[in-house]
Amino acid sequence: MSAKLQTPIDYLKGVGPNRADLLRKELGIHTYQDLINLFPNRYIDRTKYYKINQLQRNNADVQVIGKIIAFKEVAQKRGKRLVATFQDDTGTMELVWFRGQKWIRDNLKLNKPYVIYGKTNWFSGKFNMPHPDIEALEAHRENLRSAMQPVYPSTEKLSNRGVTNRVINKIMQQLFLETGGRFTETLSENLLTELKLIPKREALFNVHFPKSQELLSKAQFRLKFEELFYIQLQLIIKNLVHKSKIKGFPFEKVGTNFNTFFKEHLPFELTDAQKRVLKEIRADLGSNAQMNRLLQGDVGSGKTIVALMSMLIALDNGFQACLMAPTEILSVQHYNGLLEHCNKLNIRIGKLTGSTKTSERKIIHESLENGDLQILIGTHALLEDKVKFKNLGLAIIDEQHRFGVAQRSKLWRKGSPQSSQREDAKSVRQNNGAHTPPHILVMTATPIPRTLAMSVYGDLDISVIDELPPGRQSIKTVHRYDKNRLNVFKFIRDEITKGRQVYIVYPLIQENEKMDYKDLMDGYESISRDFPLPDYQISIVHGKMKPADKDYEMQRFIKGETQIMVATTVIEVGVNVPNASVMIIESAERFGLSQLHQLRGRVGRGAEQSYCILMTSHKLSNDSKTRLETMVRTSDGFEIAEVDLRLRGPGDIMGTQQSGVLNLKIADIIKDNDILQLARHHAKNVLKNDSTLTSIENKVILDTYKSLGKYKNIWNYIS
Ligand code: ADP
Ligand code: MG
Numbered sequence: 001m002s003a004k005l006q007t008p009i010d011y012l013k014g015v016g017p018n019r020a021d022l023l024r025k026e027l028g029i030h031t032y033q034d035l036i037n038l039f040p041n042r043y044i045d046r047t048k049y050y051k052i053n054q055l056q057r058n059n060a061d062v063q064v065i066g067k068i069i070a071f072k073e074v075a076q077k078r079g080k081r082l083v084a085t086f087q088d089d090t091g092t093m094e095l096v097w098f099r100g101q102k103w104i105r106d107n108l109k110l111n112k113p114y115v116i117y118g119k120t121n122w123f124s125g126k127f128n129m130p131h132p133d134i135e136a137l138e139a140h141r142e143n144l145r146s147a148m149q150p151v152y153p154s155t156e157k158l159s160n161r162g163v164t165n166r167v168i169n170k171i172m173q174q175l176f177l178e179t180g181g182r183f184t185e186t187l188s189e190n191l192l193t194e195l196k197l198i199p200k201r202e203a204l205f206n207v208h209f210p211k212s213q214e215l216l217s218k219a220q221f222r223l224k225f226e227e228l229f230y231i232q233l234q235l236i237i238k239n240l241v242h243k244s245k246i247k248g249f250p251f252e253k254v255g256t257n258f259n260t261f262f263k264e265h266l267p268f269e270l271t272d273a274q275k276r277v278l279k280e281i282r283a284d285l286g287s288n289a290q291m292n293r294l295l296q297g298d299v300g301s302g303k304t305i306v307a308l309m310s311m312l313i314a315l316d317n318g319f320q321a322c323l324m325a326p327t328e329i330l331s332v333q334h335y336n337g338l339l340e341h342c343n344k345l346n347i348r349i350g351k352l353t354g355s356t357k358t359s360e361r362k363i364i365h366e367s368l369e370n371g372d373l374q375i376l377i378g379t380h381a382l383l384e385d386k387v388k389f390k391n392l393g394l395a396i397i398d399e400q401h402r403f404g405v406a407q408r409s410k411l412w413r414k415g416s417p418q419s420s421q422r423e424d425a426k427s428v429r430q431n432n433g434a435h436t437p438p439h440i441l442v443m444t445a446t447p448i449p450r451t452l453a454m455s456v457y458g459d460l461d462i463s464v465i466d467e468l469p470p471g472r473q474s475i476k477t478v479h480r481y482d483k484n485r486l487n488v489f490k491f492i493r494d495e496i497t498k499g500r501q502v503y504i505v506y507p508l509i510q511e512n513e514k515m516d517y518k519d520l521m522d523g524y525e526s527i528s529r530d531f532p533l534p535d536y537q538i539s540i541v542h543g544k545m546k547p548a549d550k551d552y553e554m555q556r557f558i559k560g561e562t563q564i565m566v567a568t569t570v571i572e573v574g575v576n577v578p579n580a581s582v583m584i585i586e587s588a589e590r591f592g593l594s595q596l597h598q599l600r601g602r603v604g605r606g607a608e609q610s611y612c613i614l615m616t617s618h619k620l621s622n623d624s625k626t627r628l629e630t631m632v633r634t635s636d637g638f639e640i641a642e643v644d645l646r647l648r649g650p651g652d653i654m655g656t657q658q659s660g661v662l663n664l665k666i667a668d669i670i671k672d673n674d675i676l677q678l679a680r681h682h683a684k685n686v687l688k689n690d691s692t693l694t695s696i697e698n699k700v701i702l703d704t705y706k707s708l709g710k711y712k713n714i715w716n717y718i719s
């Protein structure tokens, strides 16, 4: 793009220091270029005018021409509101202001034609429009440039300080005037021709000042494609670089441990999906490149056994392996589960968590370093600098959504004692020398929608277990209001009589911790009253307990000594008690969808019909309703993830903010899935034919790619 676009926004006519400051702080707009890339959220049709007698109660935003015939001030609880009577030849309505009343009184004239625009409310027999967008009819006629008027992202501060949509529109016009709208092309001729894309400058113009619906669609398509294309290009390059430059330990053989386990100790037949995934992992481990694989599999799909068998391959090749889980409970459970198998195979396995005693810790550290210990299971205690392996060949991270990218790279550096503590980029270059990172397998049960996974983890290879072990019955899920509690308790009693066990889970949200604990303890008390000793035994587990106590309570439940487990979300992840067949979630409206799904996954692990009961109060927000309905309707983790993504927006999901991928300016990761696939296809294609982007044809792509500052580091790897 032309040099002019790097000009600070202060220099644009009509901006000035105050507005520049606001634009920087509120919208991150520093330069002309940033402003150009501020894309409208939506467009409104300003060719249509309503008469007052045509207004309907469910209208979206409407536009009306009329006159103000009177002002009045109405006292209210705090301060007063200003109300104007607005009239056209069919009737009257009211305009209402709660703020900025002085400005309105000073600037709006009675009996002068205005155009108002906004949302209407129906209130005591009349329509009113609070804080209308208002403009003199004359000015309105002059300004109207296009039928589709862009609506730009805004913030409360911006509109309070007078930087309205109209102002943004004006300065956008100014920008096009000053630059002459001559923006350099950023895609190659080939792509433009093949995909029939409109040129960059035409696209930019039409996205801000659409000449027609058709041109607007073309402009949006072109800009979305471009945005997704460069992201995919970046991810694919990262992946290619990785594969070519980052050597891994080649695990050439599958040996005694694996084979003995497979032939003699495998407790069940693997599902086809498990077999396929194991094959993919074996292929990775056997190649010369370092494995970086994401294993997605819904709760209960059987990821643990895949993890174990992958670790056995590492051991067969003379390497150590480790498995990291996000909570103490889960680590302990993994350890206990795997210990059984390891004992049969004479494999030395250890456990390291926050509550491991110093004396034990020392022994573990030593036996890790001298290679006595072959498998280590634990929490993020594994990441401490003191934990050094003799030859870590495979690191597995369970339930990745609890860990960030930073942890992944920390594990990565635990490959060998000489390993560098420096950044990845440096390690990469050292790869020719001493440092070989371990293979990494990341397992997650929070199924990220495939589209998102592809764009966020484009640098990881992805395996999916898309099949549950046979014989699982689907979990019956219902939504019940608090007033049905007695029925729910009766149901619990019946299930316990049949020999089943029950979870009752309370929310624990950080901001509200005190109240939540109170809810939990109150709940526990009332449950103890309804399910009294000695007929009923109840466990309670929450985050404030000492790990040893937690473990004790957990074990009682696992052994079936207690029938009810009252808990906070500490049990969300991974806990496996097949005899537990009822999951009661209290205040279910306060949980996120993926959490609900995780919690439900704690039941339905045995042969019995399982149930999940979502308890809520009567008052529910629309989002809560959608979440509950989704849970009742489906148990497909991917479908649930899609809904979740739609409700929360991508930024929230599993720390994906870090990826940068989701600071999308124009594309929408869900709605524009087709364009994403297309962009990925073409990015691959371009690189397949010209992996260093050195051909003349691709110069424009290379230049653009390089100018995307944040990707420069990656570029360094290649050139
Ligand atoms: P997750 O993927 O949620 O970690 P787990 O690995 O904990 O699931 O497996 C859930 C349960 O299913 C465990 O009790 C496990 O032993 C069992 N399981 C796993 N694979 C199979 C299979 N192929 N056939 C039967 N049961 C299986
Ligand atoms: Mg698991």
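Heads up: the sequence shown at position 468 corresponds to 468 in full-length UniProt numbering, and the numbers run straight through without jumps.
The beta-carbon is built from N, C-alpha and C at its ideal position, and this holds for glycine as well.
| query | result |
| --- | --- |
| Simplified DSSP state of Y503, which is helix, strand or coil | strand |
| Inside the segment 96-121 only - beta strand (DSSP E) runs reaching at least 3 residues | 113-118 |
| V582 (DSSP reduced to helix, strand or coil) | strand |
| 9 Å Cβ cutoff met for M148 and K126 | no |
| Residue from R24, L702, L55 whose Cα sits closest to the Cα of T120 | L55 |
| Exposure label - W97; buried when at least 16 CB within 10 Å | buried |
| Beta-bridge pairing of H380 - partner residues as DSSP gives them | Partner(s): none; H380 has no beta bridge. |
| R480 - containing beta strand (DSSP E), residue span | 476-481 |
| The segment 152-171 contacting the segment 180-197, beta-carbon criterion three pairs below 8 Å | no |
| CA-to-CA distance, R46 to K4, given in whole angstroms | 33 Å |
| For D88, the three-state DSSP class (helix, strand or coil) | strand |
| Chain-order list of residues whose beta-carbon lies under 8 Å from that of Y536 (same chain, five-residue window excluded) | I496, Q563, I564 |
| Close beta carbons around R422, own chain, < 6 Å, minus the five adjacent residues each side | With a pLDDT of 36 at R422, under the threshold of 50, the modelled position of that residue is not reliable, and the figure given next carries that caveat. Nothing listed; no residue qualifies. |
| Inside the segment 215-288 only - alpha helix (DSSP H) runs reaching at least 4 residues | 256-260, 272-286 |
| Distance cut-off 8 Å: D398 Cβ against heavy atoms of the ligand MG | yes |
| Option nearest N336 by Cα separation, candidates V577, I36, L137 | V577 |
| Segments of 3+ residues assigned as beta strand (DSSP E) that fall wholly inside the segment 299-378 | 320-324, 349-352, 375-378 |
| K559: first and last residue of the uninterrupted beta strand (DSSP E) it sits in | Segment: none, K559 is in no beta strand (DSSP E) and carries neither H nor E. |
| Within 9 Å, strictly: CB atoms of V502 and V582 | yes |
| Classification of E142 by the beta-carbon crowding that lies within 10 angstroms, buried from 16 upward | exposed |
| Best match in Y611, K514, D551 for proximity to F491 [C-alpha to C-alpha] | Y611 |
| L270 beta carbon near the ligand ADP (any heavy atom closer than 8 Å) | yes |
| Beta carbon of S463 nearer than 9 Å to that of R282 | no |
| Range covered by the beta strand (DSSP E) that runs through L614 | 611-616 |
| M554 CB to nearest heavy atom of the ligand MG below 8 Å | no |
| Among N58, K112, E156, nearest to W122 - alpha-carbon criterion | N58 |
| Under the three-state DSSP convention, the category N165 falls into | helix |
| Paired residues, beta bridge with R42 - DSSP | V151 |
| Contact check, L323 vs A307, beta carbons under 9 Å | yes |
| Boundaries of the beta strand (DSSP E) in which G297 is found, first to last residue | 292-297 |
| Contact between the segment 18-33 and the segment 97-109 (3+ Cβ pairs under 8 Å) | no |
| Where Q56 sits in the DSSP three-state scheme | coil |
| Closest by C-alpha distance to I670, when choosing among K224, N288, F71 | K224 |
| Unbroken beta strand (DSSP E) run spanning P130, endpoints | 126-130 |
| Terminal residues of the beta strand (DSSP E) in which L392 lies | 392-398 |
| Cβ pair L27, V15 closer than 9 Å | no |
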